[in-house]
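In short: position in the sequence shown from 1, add 9, done, that's our numbering.
Each residue gets a CB set at the ideal place from its N, CA and C atoms; glycine is no exception.
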Amino acid sequence: MNRERLKYKKRIVVKIGSSSLTHAQTGELNLIKLEKLVRELCDFRNRGIEVVLVSSGAIAVGARALGLTKRPGEISLKQACASVGQARLMGMYQNLFAEYNHVASQILMTKNTMQNPINRENARNTFEKLLELGVIPVVNENDTISTYEMQKLQQFGDNDTLSAIVTAMIRADLLILLSDIDGLFTDDPRTNPDARFIDTVEKLTPEMLLLGKGAGSSVGTGGMATKLSCAGIATAAGADMIIANGRDVGILHELLEGAGKGTLFLANPEESFRLEDFLE
C-alpha cells in the first residue's frame, strides 16, 4: 500500500553518485548509463512530473580528462579537476537532454550561499521558475570554490546531503538516492551475509540511525550514515525518500510504478521544520 503512493508524485529530486556514473575498472564515465538516466528523467517530464537531478561526477570526470589515474587527494587539485570536469559533464547532459527535446540547466550551490536567507530565497525562486518552464535543473556543489565536500566536514558533506536540502527547499514530494547498494540493511551486506533488508521505514529512530555505519565507495564520499541523515531532513520536510541501487537506472520508472525495490522512508512532516537548522 505504501508503494502505491509513489505513482502520484509530482515533484521529484533524483541524486546519482560518482560510483553509479563511472566504470569501476577505469573510472571513465559509463555513457550507456548516463544516456539511460537522461531518458528516464525526460520521460518523467513527458508524464508531467517535475524533476531535479543532483549529479556527482565532476571531479572524477576532470581527473580522467587531466590524465590522473586515481582520485586526487590535494584540495587544490580536486578543485582543478572539478573545474574541468563540471564543464565536460554539463556539456554531456545538455547534449543528451536535447536529444530527447528537453532543456537542462546548471545550478551550482555552496553551503555559504545557502546560509544567507536572501540567497536561499533567490535559489528557491530560480528552481520554481525553471520547473515552471519545463526545464530539468542539474545540481552540484560548487567544488571549485567550496571545500566542504572535499574535506568531508559536517556541512553539505556530499551530494546526498545537498539533494536533501534541495528537496526541502523546493518542497519536493519524493527524493530518490541512487546508490551502490540495494537499500538499508540491518548490517552491511557486503561483510555480513546474515544482514536483512529493510523494505520500509515508517519513522526514523535512534536505533535506526545506528545502522548507518558503512563507508562509501572509493569514488564517492557518501555512506549510509549520511543517507540516513538525509532521510531525516527529507521526511521531516514532508517528502518520501528512497535509497535504491543505481546499477540499472531503469529502476527509476519501476519505483514510480510502485515496484518493491529499494528502501522507502515515509514522510513524517514536522510543523517545527526549519531548513535553516540544517545549514548551520
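9 Å Cβ cutoff met for residue i and residue j
i	j	result
Leu275	Pro146	no
Asp169	Thr272	no
Ser65	Lys24	yes
Ile21	Leu184	yes
Leu264	Leu15	yes
Leu50	Val70	no
Met123	Leu288	yes
Leu261	Leu237	no
Ser29	Arg256	yes
Arg48	Tyr109	yes
Asp197	Asn254	no
Ala113	Val144	yes
Asp182	Asp249	yes
Arg97	Gly36	no
Leu43	Ala177	no
Delimiting residues of the alpha helix (DSSP H) encompassing residue i
i	result
Leu275	Premise fails: Leu275 is in no alpha helix (DSSP H) and is neither H nor E.
Leu75	Looking at the DSSP string, Leu75 is not in any alpha helix (DSSP H), and its letter there is neither H nor E.
Ser65	First-last for Ser65: undefined, no H or E at that position.
Asn168	168–178
Lys42	40–55
Met217	215–218
Leu15	Unbroken run through Leu15: none, as it is neither H nor E.
Leu30	27–30
Integer Cβ distance of residue i from residue j, believed to fall under 8 Å
i	j	result
Met99	Gln88	That pair is no contact at about 16 Å.
Arg12	Gly247	No, Arg12 and Gly247 are not in contact; Cβ-Cβ is about 18 Å, not under 8 Å.
Ser188	Ile252	6 Å
Ala67	Asn149	6 Å
Phe194	Ala245	Their Cβ separation, rounded to whole angstroms, is 23 Å, which puts Phe194 and Ala245 out of contact at 8 Å.
Arg54	His111	6 Å
Ala240	Leu220	With 8 Å as the limit, Ala240 and Leu220 do not qualify as a contact, their Cβ atoms being about 11 Å apart.
Ile179	Arg133	6 Å
Val258	Leu40	The pair is not a contact, with the Cβ atoms about 12 Å apart (cut-off 8 Å).
Beta strand (DSSP E) segment containing residue i, residue limits
i	result
Leu184	183–188
Glu150	145–150
Let me know the alpha helix (DSSP H) ranges lying completely inside the stretch 88–128, each 4 residues or longer, listed in chain order.
-> List check, alpha helix (DSSP H) in window: 120–124.
Per the contact definition of three or more C-beta pairs closer than 8 Å, is the stretch 73–86 in contact with the stretch 104–112?
-> Verdict: no, contact absent.
Residue ranges of each alpha helix (DSSP H) within the stretch 229–287, 4 or longer = Listed in chain order, the complete alpha helix (DSSP H) runs (minimum 4 residues) inside the stretch 229–287 are 233–245, 260–265.
Stretch-stretch touch, CB-based, cutoff 8 Å, three pairs: the stretch 192–207 with the stretch 122–138 = Look at the beta carbons and you see the stretch 192–207 not touching the stretch 122–138: under three pairs across the two are nearer than 8 Å.
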